[in-house]
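Peer 1:
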Amino acid sequence: MKSVEIEKELEEHRLTRHRNWAKLVNKLKKQWDIRLDEILSQHGYTDFKPGYMPFLMNIDPEGITNNDLSKKFAVSKQATSKILNELIELRYITEEPHGEDGRSTIIYLTDNGKKFVIEAKHCMQIVHAEYRKLLGKKEYDNMIDNIIKIIDYNEQRTGPASC
Numbered sequence: 308m309k310s311v312e313i314e315k316e317l318e319e320h321r322l323t324r325h326r327n328w329a330k331l332v333n334k335l336k337k338q339w340d341i342r343l344d345e346i347l348s349q350h351g352y353t354d355f356k357p358g359y360m361p362f363l364m365n366i367d368p369e370g371i372t373n374n375d376l377s378k379k380f381a382v383s384k385q386a387t388s389k390i391l392n393e394l395i396e397l398r399y400i401t402e403e404p405h406g407e408d409g410r411s412t413i414i415y416l417t418d419n420g421k422k423f424v425i426e427a428k429h430c431m432q433i434v435h436a437e438y439r440k441l442l443g444k445k446e447y448d449n450m451i452d453n454i455i456k457i458i459d460y461n462e463q464r465t466g467p468a469s470c
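Quick note: to get the numbering used here, add 307 to the position in the sequence shown (first position is 1).
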């Protein structure tokens, strides 16, 4: 590639980088976490870290093993253990030994954790309502549908992503 072509490509990149998909998704996720944290704080959850959310929101009433949580989020067992210990200390979850696998525990929501999951769901609905108002219901729903299509497309190509 010639120097002039390189300069032209770089200038084109500079002019369009504000529309970079990965950058936009990453920025929106950070903004989502900040806004949700604001609302959760207003509801009395001042001890909560955004990194706790995926763990708590994926514990079903019948529980889930610590190993399954690690796999689900592609996080090391050590990192999962650290987060789970913090959640135990905050009394959002409890753990019991796994009956069949001595290396694994089953994680359950405490009453406090169940209350949080319901409250967090309501807080997320507040943010969704803000976005729906900003974009309009039809455009918002189309955006969600399109994101799902992209995720499905990627999973068909590479298999389900851990999230």
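Here a beta-carbon is modelled for each residue, glycine too, at the ideal position from N, C-alpha and C. Predicted model only: the values in this text are computed from it and were never measured.
#1: Check the C-beta distance from I366 over to I425 and give it rounded, since I have them as a contact under 8 Å.
#2: Ends of the beta strand (DSSP E) at P404?
#3: Considering L347, what are the terminal residues of the alpha helix (DSSP H) in which it resides?
#4: Could you spell out where the alpha helix (DSSP H) holding T412 opens and where it closes?
#5: For Y399 versus Y359, is the C-beta distance shorter than 9 Å?
#6: Assign I366 to one of three DSSP states: helix, strand, or coil.
#7: DSSP beta-bridge partners for T372?
#8: For the segment 433-443 and the segment 386-396, state whether three or more C-beta atom pairs, one from each stretch, are separated by less than 8 Å.
#9: At the level of alpha carbons, what is the spacing between K421 and S348?
#10: Taking Cβ positions, are A427 and L343 nearer each other than 9 Å?
#11: Once the 5 residues before and after H405 are set aside, which same chain residues still bring their CB inside 7 Å of it?
#12: For P368 and F380, which I take to be in contact (beta-carbon distance under 8 Å), what is that distance rounded to the nearest angstrom?
#13: Under 8 Å by Cβ, that's how I've got V434 and I346 pegged, so tell me the actual separation to the nearest angstrom.
#14: Output the distance between the C-alpha atoms of C430 and I341, rounded to the nearest integer angstrom.
#15: Expressed to the nearest angstrom, what Euclidean distance is found between the alpha-carbon atoms of L331 and G466?
Peer 2: Once the coordinates are examined:
#1: In the sequence shown, the residue the question calls residue 366 occupies position 59. In the sequence shown, the residue the question calls residue 425 occupies position 118. Going by Cβ atoms, the distance from I366 to I425 rounds to 13 Å, so no, they are not a contact pair.
#2: On the sequence shown, residue 404 is found 97 positions in, with the first residue counted as 1. Run containing P404: 400-404, per the beta strand (DSSP E) assignment.
#3: Position 40 of the sequence shown, counted from the start, is the residue given in the question as residue 347. First-last of the alpha helix (DSSP H) with L347: 328-349.
#4: Numbered from its first residue, the sequence shown carries residue 412 at position 105. The continuous stretches of alpha helix (DSSP H) do not include T412, which lies in the beta strand (DSSP E) extending over residues 412-416.
#5: As a working mapping, residue 399 is identified with position 92 in the sequence shown. As a working mapping, residue 359 is identified with position 52 in the sequence shown. By the CB criterion at 9 Å, Y399 and Y359 fall inside the cutoff.
#6: Looking up residue 366 in the sequence shown gives position 59. It is coil, neither helix nor strand.
#7: Counting from 1 along the sequence shown, the entry for residue 372 is found at position 65. Bridge partners of T372: I413.
#8: Judged by Cβ distances under 8 Å, the segment 433-443 makes no contact with the segment 386-396, as fewer than three pairs qualify.
#9: As a position in the sequence shown, residue 421 is number 114, starting the count at 1. As a position in the sequence shown, residue 348 is number 41, starting the count at 1. Taking the straight line joining both Cα atoms gives about 17 Å.
#10: The residue given as residue 427 occupies position 120 in the sequence shown. The residue given as residue 343 occupies position 36 in the sequence shown. In this structure, L343 lies closer than 9 Å to A427 by Cβ.
#11: Residue numbering aside, residue 405 sits at position 98 when the sequence shown is read from its first letter. When the five nearest sequence neighbours on each side are left out, the beta carbons in the same chain lying within less than 7 Å of the beta carbon of H405 are those of T372, S411, T412, I413, in order along the chain.
#12: Here residue 368 corresponds to residue number 61 of the sequence shown, with the count starting at 1. Here residue 380 corresponds to residue number 73 of the sequence shown, with the count starting at 1. Not a contact, Cβ separation roughly 20 Å.
#13: Walking along the sequence shown from the start, residue 434 turns up at place 127. Walking along the sequence shown from the start, residue 346 turns up at place 39. With a contact defined as Cβ atoms closer than 8 Å, V434 and I346 qualify at about 7 Å.
#14: Working through the sequence shown from its first residue, we reach residue 430 at position 123. Working through the sequence shown from its first residue, we reach residue 341 at position 34. Counting only the Cα atoms, I341 lies some 12 Å from C430.
#15: Translated into positions along the sequence shown, residue 331 becomes position 24. Translated into positions along the sequence shown, residue 466 becomes position 159. If I take the Cα positions, the gap works out to 23 Å.
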